[in-house]
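Visitor:
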Amino acid sequence: MRRLYRAGTIGEFEYGECEYIHNCESIWPSITYGEEDHWRNNMYATYYCTHSLGPMIHMTGLKPVSVIGLEGTMAERKRRVGSKSGSFGIEMVTLENGGIIKSIHGGLYKNSIWYSAYGSHGRMESAREDTGEGVDRIYVNADTYSGEYAPQDIKSYKPEETNSDESAAFGHGGSDYYTMYNFVRRILGDDSADIIDVYEAMDMFLPGLFAYRSVLNGGVSMKIPDLRDKSERDKWRDDVACTDPVIAGDALLPTCSTGTPEIDKEVYEKMYSLWRKDFEADDGYTNMAMNQGRKKNDQ
39 MRRLYRAGTI GEFEYGECEY IHNCESIWPS ITYGEEDHWR NNMYATYYCT HSLGPMIHMT
99 GLKPVSVIGL EGTMAERKRR VGSKSGSFGI EMVTLENGGI IKSIHGGLYK NSIWYSAYGS
159 HGRMESARED TGEGVDRIYV NADTYSGEYA PQDIKSYKPE ETNSDESAAF GHGGSDYYTM
219 YNFVRRILGD DSADIIDVYE AMDMFLPGLF AYRSVLNGGV SMKIPDLRDK SERDKWRDDV
279 ACTDPVIAGD ALLPTCSTGT PEIDKEVYEK MYSLWRKDFE ADDGYTNMAM NQGRKKNDQ
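Start counting the sequence shown at 39; every next residue gets the next number (this note's numbering).
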C-alpha cells in the first residue's frame with residue numbers, strides 16, 4: 039500500500055480507517071507474568087495505537103497534527119485477567135494535509151487486522167481477516183482522473199516480498215524478519231531500506247498519548263507536537279503525566295476516565311500461577327527468563 043500510494047495510484051490521501059483488534063485474554067498470563075504493575079495491566083485504552091495507526095502513517099508519510107480520543111467501556115474479560123484499561127481505544131487523527139484517519143485498537147472479543155485508504159482518485163484496502171487472507175491480500179479501486187466518471191477498475195493481488203522463504207520462520211507473519219532485515223541494511227549504508235526513524239515512531243505513538251488526554255478532557259481536540267522541532271521538544275520535555283506511578287509521581291493519570299479500578303489480588307495470583315504452569319511445561323524458557331518474570335512477584 040505504501041508503494042502504491044507513493045506512486046500516486048489513489049491520488050492525495052483524504053480518509054482512512056485502520057484497526058488492530060486483539061483479544062489477549064488467553065495469553066495474558068504469558069505476557070504479564072501475573073505482575074499487577076506490569077505495563078500492560080496499567081496502560082490506558084488508546085496507548086497501543088501503533089499497530090493500527092502506524093502502517094497508515096508509514097504509508098502516507100504524512101504527519102499527524104491533532105487528535106480526538108474515545109475510550110471503550112471496561113469489559114469483564116479485562117478485569118478477570120487484571121487489566122485496568124477500557125476495552126478499546128479510538129483515535130480520530132487529522133493529518134497535515136487535512137486528511138483524517140479513524141484508528142481503533144484493543145481487546146474487543148474477536149480479532150481483526152484491516153487497513154483502508156481513500157484518495158482523490160480511488161481506494162485501496164486489505165482483505166478482512168475472516169477471508170483467510172487478511173493483510174496478505176490488497177484490493178485497489180482507482181480511476182485515472184479525479185472528478186470524472188470512469189469504469190471501475192478493481193484489482194486484487196497478493197504482494198510478494200523479497201526473501202519470503204527466509205521470513206517464513208519468523209513471528210508476526212514474517213514481519214519480524216523484515217524489521218531486522220531492513221534495520222541491518224540501513225546500518226550497512228543502504229538508503230533504500232524500508233525503516234522508520236525516531237520521529238516517525240513518535241508520529242505513530244503520540245496520537246494515542248494525546249487521544250487519552252482528549253478522553254480525560256471530555257473529548258476535546260488535542261494538538262500533537264512535532265518533535266522534529268526542538269522548541270516543541272523543550273515544551274514537553276518535563277511532561278511525565280502517565281499511568282505508571284513510578285514515572286508519573288504527582289502527575290499520575292487514572293487508567294480509565296472513570297478512575298483506576300480496584301482488582302482483587304487473587305486475580306494476579308491466578309495469572310502468575312497460570313504463567314508458572316506454562317513456563318515449567320515449556321523447555322524453551324530459561325532460568326534467567328523465569329527469574330526476570332517473577333522478580334517483582336517475589337518482592
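For every residue, glycine included, the Cβ atom is placed at its ideal position computed from N, Cα and C. Because the structure is a prediction, the values reported are computed rather than measured.
If we call anything under 7 Å between Cβ atoms a contact, is G72 one with Y306?
Guide: If you number the sequence shown from 1, residue 72 lands on position 34. If you number the sequence shown from 1, residue 306 lands on position 268. Cβ atoms of G72 and Y306: closer than 7 Å.
Visitor: Grab the span of the alpha helix (DSSP H) containing N255 for me, first residue to last.
Guide: Here residue 255 refers to the residue found at position 217 of the sequence shown. That residue, N255, is in no alpha helix (DSSP H); it is neither H nor E in DSSP.
Visitor: Taking H60 as the reference, give the member of W77, G257, I151, M218 with the closest Cα.
Guide: As a first step, residue 60 must be located in the sequence shown, where it is residue number 22. It is I151.
Visitor: Let me check understanding here. Comparing Cα to Cα, which of T132, T84, T98, G120 lies closest to S68?
Guide: Here the question's residue 68 lines up with position 30 in the sequence shown. Checking every option, the nearest Cα to that of S68 belongs to G120.
Visitor: For R166, I'd like the list of residues in its chain whose CB is within less than 8 Å of its CB, leaving aside the five on either flank, ordered along the chain.
Guide: Here residue 166 corresponds to residue number 128 of the sequence shown, with the count starting at 1. Around R166: S150, W152, G172.
Visitor: Roughly how many angstroms lie between the CA atoms of R332 and I285, to the nearest whole one?
Guide: As a first step, residue 332 must be located in the sequence shown, where it is residue number 294. As a first step, residue 285 must be located in the sequence shown, where it is residue number 247. Unreliable placement is indicated for R332, whose pLDDT of 47 sits below 50; no coordinate value is reported for it.
Visitor: State whether the region 274-289 contacts the region 86-96, with contact taken as three or more CB pairs (one from each stretch) at a distance under 8 Å.
Guide: Contact fails: fewer than three Cβ-Cβ distances are below 8 Å.
Visitor: Between the C-alpha atoms of A188 and D181, what's the straight-line distance to the nearest angstrom?
Guide: In the sequence shown, the residue the question calls residue 188 occupies position 150. In the sequence shown, the residue the question calls residue 181 occupies position 143. Model confidence at A188 stands at a pLDDT of 49, short of 50, so the residue's coordinates are unreliable and nothing is read from them.
Visitor: Evaluate A206 with the Cβ neighbour count: other Cβ atoms within 10 Å of its Cβ, from every protein chain shown; 16 or more gives buried, anything less gives exposed.
Guide: In the sequence shown, counting from the first residue as 1, residue 206 sits at position 168. Exposed, since its Cβ has fewer than 16 Cβ neighbours within 10 Å.
Visitor: Quick check on the burial criterion: 16 or more other C-beta atoms within 10 angstroms. Buried or exposed for M162?
Guide: On the sequence shown, residue 162 is found 124 positions in, with the first residue counted as 1. So M162 ends up on the buried side.
Visitor: How far does the alpha helix (DSSP H) with E270 in it reach, from first residue to last?
Guide: Here residue 270 is taken as the residue at index 232 of the sequence shown, counted from 1. Counting along the chain, the alpha helix (DSSP H) containing E270 begins and ends at 268-274.
Visitor: Which residue's Cα is closest to the Cα of D174: H159, G157, S154, Y195?
Guide: Taking the first residue of the sequence shown as 1, we reach residue 174 at position 136. Closest option to D174, Cα to Cα, is Y195.
Visitor: With respect to the beta strand (DSSP E) encompassing M39, which residues constitute its N-terminal and C-terminal limits?
Guide: Start at 1 with the first residue of the sequence shown, and residue 39 comes out as number 1. Unbroken run through M39: none, as it is neither H nor E.
Visitor: Just to check my reading of the structure: V103 and L133 have Cβ atoms closer than 8 Å, yes? What is that Cβ distance to the nearest angstrom?
Guide: Within the sequence shown, the letter at position 65 stands for residue 103. Within the sequence shown, the letter at position 95 stands for residue 133. Sure, about 7 Å apart at Cβ, within 8 Å.
Visitor: Would DSSP call R96 helix, strand or coil?
Guide: Numbered from its first residue, the sequence shown carries residue 96 at position 58. It is His, not Arg, that sits at residue 96 in the sequence shown. H96 falls in the helix class under three-state DSSP.
Visitor: Within its chain, find whatever has a CB closer than 6 Å to the CB of M326; leave out the 5 residues flanking it on each side and keep chain order.
Guide: Within the sequence shown, numbered from 1, the residue matching residue 326 stands at position 288. Confidence at M326 is low in this model, with a pLDDT of 44, below 50, so its placement is unreliable and the value that follows should be read with caution. There are no such residues.
Visitor: Terminal residues of the continuous beta strand (DSSP E) containing M130?
Guide: If you number the sequence shown from 1, residue 130 lands on position 92. Here the beta strand (DSSP E) through M130 covers 126-133.
Visitor: Should H210 go down as buried or exposed, given a rule of 16 or more other Cβ atoms within 10 Å for buried?
Guide: For this step, residue 210 is matched to residue 172 along the sequence shown. H210 comes out exposed.
Visitor: Taking all protein chains shown into account, decide if D229 is buried (16 or more other Cβ within 10 angstroms of its Cβ) or exposed.
Guide: Counting from one through the sequence shown, the residue named residue 229 turns up at place 191. Exposed is the call here.
Visitor: How would you write the range of the alpha helix (DSSP H) that M218 sits in, first residue to last?
Guide: Working through the sequence shown from its first residue, we reach residue 218 at position 180. Its alpha helix (DSSP H) spans residues 213-225.
Visitor: Let me know if E114 comes out buried or exposed under the rule of 16 or more other beta-carbons within 10 Å of its beta-carbon.
Guide: Numbered from its first residue, the sequence shown carries residue 114 at position 76. With fewer than 16 other Cβ atoms within 10 Å, it is exposed.
Visitor: Grouping DSSP H, G and I as helix and E and B as strand, with all else coil, what is G287?
Guide: Counted from its first residue, the sequence shown places residue 287 at position 249. Helix.
Visitor: Rank L91, R118, M112, T111 by C-alpha distance to the C-alpha of V105 and give the top, closest one.
Guide: On the sequence shown, position 67 is the one that residue 105 refers to. For V105, the nearest C-alpha among the options comes from L91.
Visitor: Ends of the alpha helix (DSSP H) at K315?
Guide: Along the sequence shown, read from residue 1 onward, the residue named residue 315 stands at position 277. Where K315 is concerned, the enclosing alpha helix (DSSP H) stretches over 303-319.
Visitor: Using the beta-carbon count (16 or more within 10 Å), is V253 buried or exposed?
Guide: Taking the first residue of the sequence shown as position 1, residue 253 is located at position 215. Buried is the call here.
Visitor: Straight-line CA distance for T70 to P292?
Guide: Counted from its first residue, the sequence shown places residue 70 at position 32. Counted from its first residue, the sequence shown places residue 292 at position 254. Their backbone Cα atoms lie some 19 Å apart in a straight line.
Visitor: For S158, which residues from the same chain have a beta carbon less than 7 Å from its beta carbon, with the 5 sequence-adjacent residues on both sides left out?
Guide: For the purposes of this step, residue 158 is taken as the residue at position 120 of the sequence shown. Here the set comprises G49, E50, E52, S184.
Visitor: So, helix, strand or coil for P299, using DSSP?
Guide: Counted from its first residue, the sequence shown places residue 299 at position 261. In this structure, P299 counts as coil in the three-state DSSP scheme.
Visitor: Going by CA-CA distance only, name the one from G246, I138, A45, K101 that's closest to M81.
Guide: Stepping through the sequence shown from its first residue, residue 81 is reached at position 43. Per the Cα distances, G246.
Visitor: Report the rounded CA-to-CA distance for L290 versus D277, giving the unit in angstroms.
Guide: Within the sequence shown, residue 290 is the residue found at index 252, counting from 1. Within the sequence shown, residue 277 is the residue found at index 239, counting from 1. Cα-Cα distance, rounded: 11 Å.
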